[in-house]
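Take a look at the structure below.
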Amino acid sequence: MHPIDDEPFDAAAVEAGAWPPPYGVGDVLGTYGEVTAHKRAAVLAMLVAAGAGGVRSFNLGETLFEGYPAYGSRTYSLDVHGSGFASTEHAETERSRPWGPNRLTSLEERVSFSFNLGAKINGLAHCGVGDLLYGGRSLAALVGGGSRALDTTTFGPPLVTRGLLFDVLGYYVAQGRHDAISHTAEGQALVRDDHRITVEDLEACAVWAGLGQIEAGDAVLLHTGWRRLLHTDPQRYLGANPGVFLRETRWLAQFRPALVGADTWCFETIDPAVTGPLVTPCHQELFVRFGIRLGESLALDELADAGVTQFVFCHAPLPAVGAISSNAPAIALAPELPFRP
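Heads up: the sequence shown at position 7 corresponds to 7 in full-length UniProt numbering, and the numbers run straight through without jumps.
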């Protein structure tokens with residue numbers, strides 16, 4: 001049992017072997033391996049039980065656009081290329097006249113972007129502790145040697161598992177937790193900038209939502225409403241975000257979820273009053289210590305507004321040689337429910 005506390009880890013000790021790989025040296029699946037055929041069948045039975053009531057689907061992906069607020073040098077750009085018509089200000093063309101007697105014209109895009117942009121699932125090689133990556137791998141060997149050991153082609157079969165939505169924002173609003181709530185310029189509620197979501201908050205939120213206990217292989221998602229700033233206040237969106245810290249990360253990790261995620265651009269708090277000199281240590285614990293993948297910037301407002309707290313979570317990454325993460329959108333499937341007033 002790992003201590004559920006905020007004690008920083010000793011990076012030198014970790015690099016020397018203090019974190020033995022939880023699923024063995026060389027493993028690539030991490031906690032994705034906790035999702036068995038029986039678990040998939042059990043969660044899909046939820047949809048079968050819906051019967052004539054129907055099933056609703058939710059896109060948890062985020063719409064990319066030029067100027068999307070992103071960390072560092074991550075960007076998205078798109079050009080349209082076409083064929084069979086004269087060039088316009090919106091499209092470069094490779095042939096100015098239609099093809100053949102059927103006068104074929106065509107359009108396609110040329111896109112440049114980071115897979116770690118927008119709603120994404122970060123792979124186990126996303127962060128390390130010094131030279132150490134998940135499964136006892138060396139960062140130098142993975143990058144310098146061109147190893148494909150932890151790219152998106154190794155994620156295993158498409159993930160189909162139980163999803164749990166911790167509607168932290170909804171819980172705070174219901175409890176009148178004004179200390180934890182802020183608003184957009186348009187008056188929409190969201191969890192306050194830099195607010196730390198505590199273990200006690202997560203436990204109480206689970207009781208409030210009737211979630212029960214997290215089980216191995218679940219997808220655990222935290223809703224804060226933070227994406228409501230994405231278009232209207234991108235500077236505030238990137239400047240800070242609510243999130244958990246080490247104690248909460250270790251509390252979540254003890255249940256061995258397939259992944260954890262949130263609607264914030266960074267899963268954990270980056271408030272220096274909480275983190276001190278540490279730089280996203282929760283990422284390191286999740287990937288290297290526990291073998292748990294991480295979802296960020298997931299679109300969770302629709303799920304929360306619909307009152308959906310348990311659902312089928314599905315995700316298939318774009319299998320790309322050498323790619324660390326994937327922003328192929330995840331989806332949620334749930335029995336049809338009336339919207340929450």
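We treat Cβ as the ideally placed atom computed from N, Cα and C, and that holds for glycine.
Taking a C-beta distance under 7 Å as the contact criterion, Thr-152 and Ser-297 do not qualify as a contact pair.
Distance between Ala-86 and Asn-102, taken at the CA atoms: about 17 Å. When the beta-carbon positions are compared, Ala-253 and Thr-161 stay at least 7 Å from each other. Membership of Leu-165 in the beta strand (DSSP E) is indicated by the continuous run 159-167. With 16 or more other CB atoms across the displayed protein chains lying within 10 angstroms of its CB, Gly-82 is buried. For the segment 192-271, the full-length alpha helix (DSSP H) segments reaching 4 residues or more read 199-209, 234-239 and 246-253 along the chain. Restricting attention to beta strand (DSSP E) runs no shorter than 3 residues, the segment 37-112 encloses them at 55-59, 76-83 and 91-93, ordered along the chain. Residue range 310-315 is occupied by the beta strand (DSSP E) that includes His-315, with no alpha helix (DSSP H) assigned at that position. Under the three-state reduction of DSSP output, Glu-302 falls in the helix class. Comparing alpha-carbon positions, the option among Arg-228, Thr-264 and Val-279 lying closest to Leu-117 turns out to be Thr-264.
Non-local C-beta neighbours of Gly-54 in its own chain, meaning closer than 8 Å and more than five positions away in sequence, comprise Pro-335 and Glu-336, ordered along the chain.
With a cutoff of 7 Å on beta-carbon distance, Gly-243 and Thr-280 are scored as not near each other. Contact between Asp-167 and Cys-205 holds, with the beta-carbon distance rounding to 7 Å and staying under 8 Å. Going by DSSP, His-183 is part of the beta strand (DSSP E) stretching over 181-183.
If you look at Pro-335, you'll find it in the beta strand (DSSP E) that goes 331-335. In the three-state scheme derived from DSSP, where H, G and I count as helix and E and B as strand, Arg-289 is classed as helix. DSSP lists Leu-133 as the bridge partner or partners of Arg-137. In the three-state reduction of the DSSP assignment, Ala-189 falls in the strand class, which pools E and B.
A distance below 7 Å between beta-carbons, with the five flanking residues on each side excluded, links Ile-292 to the following residues of its chain, in chain order: Gly-30, Thr-31, Ala-253, Pro-257, Leu-259, Val-260 and Leu-286. The straight-line gap separating the alpha-carbon atoms of Trp-251 and Gly-187 is approximately 33 Å. Rounded to the nearest angstrom, the gap between the Cα atoms of Thr-154 and Val-14 is 24 Å. DSSP places Asn-116 outside any beta strand (DSSP E), giving it a letter other than H or E. In this structure, Tyr-76 and Phe-113 form a Cβ contact; the two beta carbons are roughly 4 Å apart against a cut-off of 8 Å. By the neighbour-count criterion, in which a residue is buried when 16 or more other Cβ atoms sit within 10 angstroms of its Cβ, Arg-196 is buried.
Residues Glu-109 and Val-111 of the same chain have their beta carbon placed closer than 6 Å to that of Leu-78, with the five preceding and five following residues left out of the count. With contacts defined by Cβ atoms closer than 7 Å, Gly-123 and Ile-324 form a contacting pair.
DSSP places Cys-282 inside the alpha helix (DSSP H), whose first and last residues are 281-284. Here Leu-278 carries a coil assignment [DSSP, helix/strand/coil]. Judged by pairs of C-beta atoms under 8 Å, the segment 227-244 does not touch the segment 2-10, as fewer than three such pairs exist.
In the DSSP secondary-structure assignment, Leu-294 is bridged to Asn-122 and Val-260. By the criterion of at least three beta-carbon pairs nearer than 8 Å, the segment 166-186 is in contact with the segment 203-223.
Within the same chain, and ignoring the five residues on either side of Thr-105 in sequence, the residues whose Cβ sits closer than 8 Å to its Cβ are Gly-82, Ser-83, Gly-84, Phe-85, Pro-98 and Trp-99.
The C-alpha of Phe-313 is placed about 25 Å away from the C-alpha of Phe-65.
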